[in-house]
């Protein structure tokens with residue numbers, strides 16, 4: 045990851061006092077464009093090397109903004125694992141740390157001096173000091189990326205519901221812009237019920253590195269994995285921990301148990317506290333010889349794993365799955381995806397064009413779709429080629445980052461206007 049060099053500069057509007065005798069519009073239009081880069085803070089609950097979509101998006105934004113000359117820092121929760129981070133990643137100790145949430149009161153002070161704060165939501169315990177500071181200081185532009193509706197049962201689900209009812213309207217009211225990854229998800233999200241929220245929403249899909257993920261053959265790599273060469277290869281990529289319980293691997297295992305004599309093998313990429321339970325399910329279903337648990341794969345090897353596959357499987361069960369970066373990685377690799385028909389996911393996977401959509405948690409329909417693509421190689425190849433073209437057309441990072449820059453500059457200009 046490249047760190048922003050101090051000598052790189054980008055012109056930007058800055059806040060400065062004006063004479064009361066000058067009209068507002070004259071002052072705004074004549075505001076000098078000094079040699080100054082805006083200082084940006086990203087606030088996110090997780091960050092690499094932790095595997096998760098929110099942290100991955102924040103990392104991509106940070107890296108690509110650095111390349112464009114911006115000064116960007118990341119603030120995330122500190123966990124028990126010692127990590128050697130670059131100087132612009134700050135892992136802050138939290139109190140009442142539960143899962144990926146943790147109260148971080150020191151964040152209020154740490155955000156001093158930043159021109160723009162980009163909050164990745166949900167971040168329980170991290171969002172609150174950001175919003176309190178915005179309410180009290182009025183000296184920063186605030187961008188909110190609403191990644192997903194958090195879902196759970198029991199006490200955790202009750203907490204999520206209460207947070208949406210009580211605090212989300214306050215967070216929305218303090219945000220200058222709200223970014224969401226698709227119109228499909230935005231219109232069906234909990235955010236749509238918050239008064240005034242949709243007036244601030246801009247659609248910003250996440251992107252994919254088309255040079256890193258691309259079609260190709262990986263025969264030697266596939267052999268090193270211990271995978272068979274004579275049967276279609278299925279691929280599942282996702283966290284096997286409690287935080288990613290909605291990824292639907294249990295549904296997939298049950299669907300594969302219905303496949304009978306249809307030839308296939310499954311590669312599972314991911315790890316976590318739920319892995320032993322999934323392994324037990326695989327053994328109980330009599331599928332042990334057909335399933336390879338690869339664990340967490342190094343970033344440098346992940347594109348090769350995709351190129352080993354014929355079909356990517358994305359059977360998520362809840363709307364906490366709001367986009368699907370793994371489906372985008374598969375598409376860029378020229379691999380069709382069979383996915384659950386969920387809001388947002390339908391933006392990445394086009395049913396009958398780049399892959400197939402099935403009802404969430406429907407094992408029979410999932411098995412039927414897998415069997416169809418296994419048996420019809422020509423359809424599989426056509427979907428894969430269309431998936432790559434779709435990724436190139438809609439999800440290349442460069443134009444998406446340029447749009448993000450425009451949003452930042454608009455919010456900074458609005459913040460400048462408020463100062464007059």
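Residue numbers (the numbering used here): 45 to 464. Built from N, CA and C at the ideal position, the CB exists for glycine as well.
So, with DSSP's three-state summary, where would you put residue i?
{"i": "residue 83", "result": "strand"}
{"i": "residue 161", "result": "strand"}
{"i": "residue 203", "result": "helix"}
{"i": "residue 195", "result": "coil"}
{"i": "residue 395", "result": "strand"}
{"i": "residue 430", "result": "helix"}
{"i": "residue 364", "result": "coil"}
{"i": "residue 97", "result": "helix"}
{"i": "residue 460", "result": "helix"}
{"i": "residue 272", "result": "coil"}
{"i": "residue 258", "result": "coil"}
{"i": "residue 349", "result": "helix"}
{"i": "residue 295", "result": "helix"}
{"i": "residue 344", "result": "coil"}
{"i": "residue 90", "result": "coil"}
{"i": "residue 406", "result": "coil"}
{"i": "residue 302", "result": "coil"}
{"i": "residue 216", "result": "helix"}
{"i": "residue 285", "result": "coil"}
{"i": "residue 331", "result": "coil"}
{"i": "residue 238", "result": "coil"}
{"i": "residue 369", "result": "helix"}
{"i": "residue 211", "result": "coil"}
Per DSSP, residue i is paired with what?
{"i": "residue 356", "result": "279, 381"}
{"i": "residue 309", "result": "277"}
{"i": "residue 400", "result": "382"}
{"i": "residue 339", "result": "313"}
{"i": "residue 224", "result": "247"}
{"i": "residue 116", "result": "84"}
{"i": "residue 252", "result": "440"}
Once the 5 residues before and after residue i are set aside, which same chain residues still bring their CB inside 7 angstroms of it?
{"i": "residue 253", "result": "441"}
{"i": "residue 256", "result": "347"}
{"i": "residue 200", "result": "none"}
{"i": "residue 291", "result": "282, 283, 360"}
{"i": "residue 171", "result": "163, 165, 215"}
{"i": "residue 179", "result": "218"}
{"i": "residue 435", "result": "252, 254, 372, 375, 376"}
{"i": "residue 175", "result": "214, 215, 218"}
{"i": "residue 295", "result": "359, 361, 405, 407, 410"}
Assuming the contact rule is C-beta atoms closer than 8 angstroms, residue i and residue j should be a hit. Round their C-beta distance to whole Å, please.
{"i": "residue 388", "j": "residue 366", "result": "4 angstroms"}
{"i": "residue 350", "j": "residue 278", "result": "Contact doesn't hold; Cβ gap of about 12 angstroms is too wide."}
{"i": "residue 276", "j": "residue 222", "result": "Rounded, the Cβ-Cβ distance is 42 angstroms, inconsistent with contact."}
{"i": "residue 248", "j": "residue 448", "result": "6 angstroms"}
{"i": "residue 431", "j": "residue 396", "result": "With 8 angstroms as the limit, residue 431 and residue 396 do not qualify as a contact, their Cβ atoms being about 12 angstroms apart."}
{"i": "residue 401", "j": "residue 390", "result": "6 angstroms"}
Excluding five sequence neighbours on each side, which residues of the same chain lie with their C-beta closer than 8 angstroms to the C-beta of residue i?
{"i": "residue 232", "result": "363, 387"}
{"i": "residue 18", "result": "Any property of residue 18 remains undetermined from this structure, which presents the chain solely from 45 to 464."}
{"i": "residue 271", "result": "277, 309, 311, 336, 352"}
{"i": "residue 244", "result": "216, 219, 220, 221, 222"}
{"i": "residue 445", "result": "105, 108, 109, 112, 251"}
For residue i, I'd like the list of residues in its chain whose CB is within less than 6 angstroms of its CB, leaving aside the five on either flank, ordered along the chain.
{"i": "residue 392", "result": "368, 371, 372"}
{"i": "residue 101", "result": "250"}
{"i": "residue 453", "result": "none"}
Minimum length 3: unbroken beta strand (DSSP E) runs contained in the region 122 to 191
133 to 136, 139 to 142, 145 to 147, 160 to 165, 185 to 190
Complete alpha helix (DSSP H) runs within the region 408 to 457 (minimum length 4 residues, chain order): 421 to 438
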